[in-house]
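When you read off a place in the sequence shown, starting at 1, and then add 1071, the result is the number in the working numbering. Positions of the beta carbon are idealized from the N, C-alpha and C atoms, including for glycine.
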Amino acid sequence: MEALAGKTVLITRAKHQARQMSVAVKKESGIPMEIPLLRMEGVSQQVFQSVSQQIHLYDWIIFTSKNGVSFFLDGLGERIPSTVRIAAVGVKTGQELKKRGYEVCFVPTSFVAETFAEEFGRKLSGKEHILFPKGNLARDVIPTKLRELGVLLEEFVVYETKTNDTKQQDLIVALESGKIDVVTFTSPSTVRSFVKLLEGTNWREWIKKCTIACIGPITEQEARRYFADVIVPKEYTIEALIQCISTYKSKLKN
1072 MEALAGKTVL ITRAKHQARQ MSVAVKKESG IPMEIPLLRM EGVSQQVFQS VSQQIHLYDW
1132 IIFTSKNGVS FFLDGLGERI PSTVRIAAVG VKTGQELKKR GYEVCFVPTS FVAETFAEEF
1192 GRKLSGKEHI LFPKGNLARD VIPTKLRELG VLLEEFVVYE TKTNDTKQQD LIVALESGKI
1252 DVVTFTSPST VRSFVKLLEG TNWREWIKKC TIACIGPITE QEARRYFADV IVPKEYTIEA
1312 LIQCISTYKS KLKN
């Protein structure tokens, strides 16, 4: 019998990203509960005009998330010229680019910004012109490190991540009921929104019996500010996260 059988797993990521995790939870016979704590908003079409006019001038475009790829390409409304090389951080980021017909020319050995900046920096001469599409909450590690090498790097916010205030009551009711067995976080912003929406409640008592699980070292770092015990898979994917939770629960049974 699967370790997650009958266990309710809270999925906090944005609505358009939640389905993949729900499917993974169901495969382990768990019960997914989607309460999206984030909402993504793309910037206006007008913002893309200047980028569209000079897209052919860039040597590289760096994508660090699937959201960045989607919002950038949808907003751009045209193909990235074949003369522009593409770098990607993350499995899903690369998959989204390939799905849309683009070749990824550089992928780091580890999907964190620090590793990307170090490894990608070795490929540069210092004269490159680079575009960095990002969300408003993106860390500044990559731009800072690459600018130190002398490259001209332009940051371009293509979407904004905001707390989904409309889900506050749903979150409170779900946790207070005691039905949640596992709480998942896929980004630092999901952690921050979780805590923000529960301010003024007795949430620390409600989650005492919950398993807290998250993806990646940066999310883990944020989660450990609020939770004593956090489990993290070695691979930074949804599938690995659910498998990690299942393995952890199985060990608890034995």
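Buried or exposed by the 16-neighbour rule on C-beta atoms within 10 Å, applied to residue i
i, result
"Gly-1271", "exposed"
"Arg-1263", "buried"
"Met-1072", "Unreliable placement is indicated for Met-1072, whose pLDDT of 48 sits below 50; no coordinate value is reported for it."
"Arg-1084", "buried"
"Leu-1323", "exposed"
"Lys-1170", "exposed"
"Lys-1305", "exposed"
"Asn-1235", "buried"
"Ser-1321", "exposed"
"Glu-1167", "buried"
"Ser-1312", "According to the sequence as given, residue 1312 is Leu; it is not Ser. Buried, since its Cβ has 16 or more Cβ neighbours within 10 Å."
"Gly-1172", "exposed"
"Ala-1294", "buried"
Bridge-paired residues (DSSP) for residue i
i, result
"Phe-1227", "Pro-1204"
"Glu-1105", "Ile-1082"
"Cys-1285", "Phe-1256"
"Ala-1159", "Phe-1134"
"Ile-1302", "Ala-1284"
Distance, residue j Cα to residue i Cα
i, j, result
"Val-1303", "Gln-1124", "43 Å"
"Gln-1239", "Val-1160", "32 Å"
"Asn-1138", "Ala-1074", "31 Å"
"Glu-1291", "Glu-1276", "21 Å"
"Glu-1189", "Ala-1076", "42 Å"
"Ala-1245", "Arg-1210", "31 Å"
"Ala-1284", "Phe-1142", "27 Å"
"Leu-1081", "Phe-1182", "25 Å"
"Tyr-1319", "Glu-1149", "45 Å"
"Leu-1061", "Tyr-1307", "Because residue 1061 is not part of the residues shown, which for the chain are 1072 to 1325, the question remains open."
"Ile-1102", "Ala-1184", "33 Å"
"Glu-1174", "Ile-1132", "12 Å"
"His-1087", "Arg-1156", "28 Å"
"Glu-1099", "Lys-1078", "10 Å"
"Pro-1288", "Phe-1227", "25 Å"
"Phe-1256", "Leu-1202", "29 Å"
"Pro-1107", "Pro-1204", "24 Å"
Helix, strand or coil at residue i according to DSSP, with G and I counted as helix
i, result
"Arg-1110", "strand"
"Phe-1182", "coil"
"Ile-1132", "strand"
"Phe-1177", "strand"
"Lys-1322", "helix"
"Ile-1251", "coil"
"Thr-1232", "strand"
"Met-1072", "A caution first: Met-1072 carries a pLDDT of 48, below 50, which makes its placement in the model unreliable, though a value can still be read off. In the structure shown, Met-1072 sits in coil (DSSP, three-state: anything other than H, G, I, E or B)."
"Pro-1214", "helix"
"Glu-1276", "helix"
"Glu-1199", "coil"
"Gly-1221", "coil"
"Leu-1312", "helix"
"Ile-1151", "coil"
"Ala-1209", "coil"
"Leu-1242", "helix"
"Leu-1269", "coil"
Any non-hydrogen atom of the ligand COA within 6 Å of residue i CB
i, result
"Asp-1252", "Ligands displayed in this structure: none; no statement on the ligand COA is therefore possible."
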